[in-house]
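A.B. asks: Everything in the sequence shown is counted per my numbering, starting at 500 for the first residue and increasing by one. We put the beta carbon where it would ideally sit given N, CA and C, even for glycine.
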Amino acid sequence: MMDLKIVSCKLNANLNLGSISEKRLVLLDELLMAKYSQKQMIALGIYAYINPVKKSAIVVGSGQININIDSEDILKNLSGSIPEYIELYNAITNAFTIDNIVDSIEIDFGGLVDSLEKGKRAAAIKSSQKFTTLNKKAFETMFPNLVGVGLRFIDDNDKFLLDAKIEPFLGDLSKFYLGFNVKSKQKMSTKELEEVILAQITKFEIFFGFAKDNFLI
500 MMDLKIVSCK LNANLNLGSI SEKRLVLLDE LLMAKYSQKQ MIALGIYAYI NPVKKSAIVV
560 GSGQININID SEDILKNLSG SIPEYIELYN AITNAFTIDN IVDSIEIDFG GLVDSLEKGK
620 RAAAIKSSQK FTTLNKKAFE TMFPNLVGVG LRFIDDNDKF LLDAKIEPFL GDLSKFYLGF
680 NVKSKQKMST KELEEVILAQ ITKFEIFFGF AKDNFLI
């Protein structure tokens with residue numbers, strides 16, 4: 500049985516927050532420090548609030564609110580966690596008294612799945628066999644130290660640019676890595692933002708089903 504394990508999620512919202520003044524920094528501390536106990540200034544005017552226990556962070560700057568999630572517990576129920584993060588978006592924009600309008604977003608998911616075949620290099624071997632029609636000699640001539648082969652899918656429409664990929668996971672060649680990156684091209688409200696994120700989570704799961712049925716088994 501092949502199960503997808505989501506291992507990372509990044510939600511980047513681009514919006515005009517304005518400069519992070521001392522007064523605004525106090526507001527951010529009041530909103531975030533209860534759940535994100537560590538704070539770092541990672542660049543001039545850009546602050547990261549980190550929850551080391553939950554392995555999640557919120558980065559706030561003049562033109563961005565970014566959420567990074569590496570927590571296994573949160574990622575197991577990612578859809579159920581999204582409303583909480585949208586509330587934080589709204590709380591920050593309300594505290595800064597700006598419109599709840601996002602200029603653009605970037606959503607990035609990473610997932611791992613075990614190869615059905617056994618062996619330490621099972622996914623690497625499978626990718627070389629399944630992902631291309633080139634013969635083995637062509638591989639060996641061009642890439643004498645080939646580790647594996649990846650597939651990339653780019654879908655571009657009026658609203659979104661989707662970049663999805665399947666490849667052997669370099670950290671463990673018995674697994675496949677699935678990457679799924681979506682960039683928006685239109686402004687949206689934070690209400691629409693929640694709907695878009697939830698829809699893309701579903702689409703990532705559908706992409707896994709597509710990958711499994713066509714390439715991984």
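Return the CA-CA distance between Asp569 and Val506, expressed in angstroms with no decimal places.
C.D. replies: 6 Å
A.B. asks: State the start and end residues of the unbroken beta strand (DSSP E) segment that holds Asn721.
C.D. replies: Because residue 721 is not part of the residues shown, which for the chain are 500 to 716, the question remains open.
A.B. asks: Sort out for me which residues DSSP pairs Pro667 with in a bridge.
C.D. replies: Per the DSSP secondary-structure output, Pro667 pairs in a beta bridge with Phe675.
A.B. asks: Compare the Cα-Cα distances from Pro643 to each of Ser627, Phe652, Asn656, Asp655 and report the closest residue.
C.D. replies: Ser627
A.B. asks: Quick check on the DSSP output: the alpha helix (DSSP H) that includes Ile597 runs from which residue to which?
C.D. replies: Segment: none, Ile597 is in no alpha helix (DSSP H) and carries neither H nor E.
A.B. asks: Alpha carbon to alpha carbon, how far is Val646 from Asp613? Give it in angstroms, no decimals.
C.D. replies: 17 Å
A.B. asks: Return the chain-ordered list of same chain residues with a C-beta closer than 7 Å to the C-beta of Phe668, the five sequence neighbours on each side being excluded.
C.D. replies: Non-local beta-carbon contacts of Phe668 in its own chain, meaning distances under 7 Å to residues more than five positions away in sequence, involve Leu611, Ala622, Lys674, Phe675, Tyr676 in chain order.
A.B. asks: Glu521 to Asp607, Cα distance in whole Å?
C.D. replies: 31 Å
A.B. asks: Which same chain residues, not among the five before or five after Met687, have their C-beta less than 8 Å away from its C-beta?
C.D. replies: Ile600, Val601, Ile604, Val695
A.B. asks: Give the straight-line distance between the Cα atoms of Glu583 and Asp671, rounded to the nearest whole angstrom.
C.D. replies: 33 Å
A.B. asks: Can the beta-carbon of Ala594 be found less than 8 Å from the beta-carbon of Leu530?
C.D. replies: Contact: yes.
A.B. asks: With a CB to CB cut of under 6 Å and the five nearest residues on each side skipped, what residues in its chain are close to Phe638?
C.D. replies: Leu645
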